[in-house]
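Number 60 in my numbering belongs to position 22 of the sequence shown; there are no gaps in the numbering.
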Amino acid sequence: MPLIKSLRSTFRAVLPFHPLWLYRQRRGKRRLIDFACERLQIRSFADLGGVWGVDGEYTFYAMKTHKIQTASLVDFAVTETVVTRKREYPGLKLNIGNFGAEEVTQQIGNVDAVILFDVLLHQVNPDWDKILELYAKQTKCFLIFNPQFTASRSTVRLLDLGEEEYFRNIPHTKDEETYKAAFEKMYEIHPRPQYQQRRIYRDIHDIWQWGIVDDDLIAKMKSLGFSMRYFRNHGRFNNLANFENHAFAFWK
Ligand SMILES: C[S@@+](CC[C@H](N)C(=O)[O-])C[C@H]1O[C@@H](n2cnc3c(N)ncnc32)[C@H](O)[C@@H]1O
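Structure follows, in structure tokens:
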């Protein structure tokens with residue numbers, strides 16, 4: 039029986055993302071931006087890790103829909119689409135680098151809001167909670183949309199669950215090159231050129247790193263002087279048994 043359950047959950051997890059599910063996820067992120075711009079009067083922001091798979095979609099949505107003049111879009115790399123679209127937005131800065139690095143934080147400077155959509159769970163060294171500490175000094179609002187872990191009372195480093203449990207919980211398989219390498223070369227140095235510091239495979243941003251639970255996130259934000267102004271549960275992450283998409287706005 040446990041074997042059947044495990045096979046079923048692995049099978050569900052690797053099914054391609056359903057278009058309706060993707061549409062709802064994107065709509066949930068846009069609604070969070072609408073809330074922040076309309077109700078909290080956000081006038082500038084930094085979209086951290088806003089490029090992969092979406093070409094800065096949320097940055098451009100916020101700037102166009104809510105007439106935001108000043109923003110930063112930050113990622114390890116930008117795409118041609120981003121560079122082309124940027125021409126319509128002179129107030130948009132493209133920051134290429136690790137947003138956990140002090141110099142990138144400084145380049146971004148003070149902003150009304152920091153957007154963290156599907157990125158907190160990837161942050162190691164500095165870890166997800168340290169990223170919040172870093173940016174708490176230069177913003178009054180965090181917009182967070184993240185797959186939150188529901189199978190534990192406290193936050194877990196997913197790799198520490200062991201290989202079998204790890205793949206049972208996340209929407210990737212060990213056949214994928216990045217994931218295969220993360221286990222086979224876990225303590226070897228990753229050759230990625232963007233990493234200025236030496237970083238082992240275990241600590242790379244490309245893989246699922248954390249199962250963050252709501253209580254820990256809310257407690258962390260509270261300790262930094264922020265209160266929760268918005269929460270929506272957008273349901274299961276792609277049918278994963280132990281992750282749900284939750285949207286938060288925290289305000290100081
Ligand atoms: C799962 S994608 C999320 C993309 C987008 N925010 C969204 O909501 O669909 C994670 C993105 O964050 C970037 N990223 C993750 N950690 C980062 C870091 N520390 N510094 C810069 N970019 C990072 C990745 O390169 C990737 O583009």
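Glycine included, C-beta positions come from ideal geometry on N, C-alpha and C.
Keep in mind that this is a model prediction, so the values were computed, not measured.
Review point. How many Å lie between Leu96 and Asp85 at the Cα?
Key: Checking the sequence, you will find Tyr at residue 96 rather than Leu. The straight-line gap from Cα to Cα measures roughly 8 Å.
Point to revise | C-alpha distance - Pro231 paired with Thr119, whole-angstrom precision | key: 22 Å
Practice item. Between the Cα of Gly129 and those of Arg81, Ala139, Phe286, spot the shortest distance and give me the residue it belongs to. Key: Arg81
Point to revise | Where the beta strand (DSSP E) through Thr108 begins and ends | key: 108-113
Check your understanding: Taking Cβ to Cβ, would you say Phe94 is nearer than 8 Å to Leu111?
Key -> One point to set straight first is that residue 94 is Gly, not Phe, in the sequence displayed. Closer than 8 Å, so yes.
**Study point:** Own chain partners of Arg69 with C-beta closer than 7 Å, once the 5 adjacent residues on each side are dropped
**Key:** none
Exercise for review: Consult DSSP for Ile208 and reduce its assignment to one of helix, strand or coil.
Suggested key: coil
Point to revise | Assumed close pair Tyr217, Ile238 - CB separation to whole angstroms, cut-off 8 Å | key: About 15 Å separates the two Cβ atoms, so there is no contact after all.
Practice item. Give me whichever residues DSSP pairs with Glu282 in a beta bridge. Key: Gln186, Arg274
**Study point:** Whole-angstrom distance between Asp167 and Lys258, CA atom to CA atom
**Key:** 7 Å
Exercise for review: Find the nearest neighbour of Asn271 within the set Gly263, Ser265, Phe281, judged by alpha-carbon distance.
Suggested key: Phe281
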